[in-house]
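Start counting the sequence shown at 447; every next residue gets the next number (my numbering).
Virtual Cβ for every residue (Gly too), placed ideally from N, Cα, C.
Please read these numbers as outputs of a predicted model, since none were measured by experiment.
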Amino acid sequence: MIPLLILGLLIQNPGAHGYELLALMEKRHYKYIVNFTKGSFYYNLQQLEEKGWIEQIQEKPSTSRHETRNFKITESGMAEFEKLMVKYGTKSEYVNLQFYGALLFADEYDKNKLLELVQSQIDQTKARIALLDEYLLSTPELPGTINYFRRMNENSHSHHLVNLEWFEQLKADIEGPVE
């Protein structure tokens with residue numbers, strides 16, 4: 447998935463250097479789409495260059511002391527972008543939370559510690575919802591256009607709201623009836 451993100455960003459931002467692309471991925475919260483680190487990003491950038499899907503371009507000399515490597519997507523990179531769009535655009539996956547694995551053994555775990563785990567999930571979900579709220583409030587839908595990233599975030603927001611409700615009900619069930 448990281449190669450698709452890098453290629454797509456280079457189509458949108460020809461001549462960008464690696465740091466710019468990484469900053470865009472972080473700013474746009476692409477971590478909700480795929481887990482990546484700075485290391486995995488630069489590894490994928492290097493792999494794309496070695497495969498000839500992106501190439502370094504000459505930019506005007508910089509006044510900065512640091513040399514930047516600016517990139518553009520190649521013709522074969524465009525072909526790969528097309529393949530990756532089909533690959534990921536036709537995939538449908540189950541929504542799996544790693545938490546489900548822990549929940550399989552809830553009966554064998556201390557009830558109070560389990561409640562702490564559920565509360566942690568509630569807190570994390572609320573934090574994600576807050577970030578999504580912030581993004582959605584600051585990014586209005588423009589008439590006559592489709593902002594696909596906004597639509598993805600609206601969908602993610604809906605999923606998180608459902609998850610929050612589920613976690614809160616789970617917590618109430620574990621706590622049991624109030625006496």
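Residue i versus residue j: straight-line alpha-carbon distance, rounded
i: Glu-528; j: Leu-582; result: 29 Å
i: Gln-565; j: Lys-559; result: 10 Å
i: Phe-613; j: Leu-549; result: 11 Å
i: His-605; j: Asp-619; result: 21 Å
i: Glu-580; j: Lys-572; result: 12 Å
i: Glu-521; j: Glu-554; result: 56 Å
i: Gly-461; j: Thr-536; result: 29 Å
i: Ile-390; j: Leu-451; result: The structure shown does not extend to residue 390, since the chain is modelled only from 447 through 625, so no value can be given for it.
i: Leu-453; j: Pro-589; result: 28 Å
i: Ala-525; j: Asn-593; result: 24 Å
i: Gln-458; j: Glu-539; result: 27 Å
i: Leu-455; j: Pro-449; result: 10 Å
i: Tyr-478; j: Val-532; result: 20 Å
Element boundaries [beta strand (DSSP E), containing residue i]
i: Glu-466; result: No beta strand (DSSP E) holds Glu-466; the alpha helix (DSSP H) holding it covers 464 to 473.
Host alpha helix (DSSP H) of residue i (start-end)
i: Glu-562; result: 557 to 584
i: Val-608; result: 594 to 621
i: Asn-490; result: 484 to 496
i: Ala-548; result: 544 to 549
i: Gly-454; result: 448 to 458
Cross-strand partners of residue i (DSSP beta bridge)
i: Gln-502; result: Phe-517
Buried or exposed (CB count within 10 angstroms, at least 16 for buried), residue i
i: Ser-602; result: buried
i: Gln-502; result: exposed
i: Phe-607; result: Per the sequence shown, residue 607 should be read as Leu rather than Phe. So Leu-607 counts as exposed.
i: Gly-485; result: exposed
i: Gln-567; result: buried
i: Asn-609; result: buried
i: Asn-481; result: exposed
Nearest-angstrom beta carbon gap, residue j and residue i [assumed within contact, 8 Å]
i: Met-447; j: Tyr-534; result: 6 Å
i: Trp-499; j: Gly-464; result: The pair is not a contact, with the Cβ atoms about 14 Å apart (cut-off 8 Å).
i: Glu-621; j: Leu-561; result: 7 Å
Proximity test, Cβ basis, 8 Å: residue i and chain C
i: Gln-570; result: Here there is only one protein chain, and chain C is not present.
Heavy atom of the ligand MG within 7 Å of residue i beta-carbon
i: Met-598; result: Absence of the ligand MG is noted for the structure shown, with no ligands found whatsoever.
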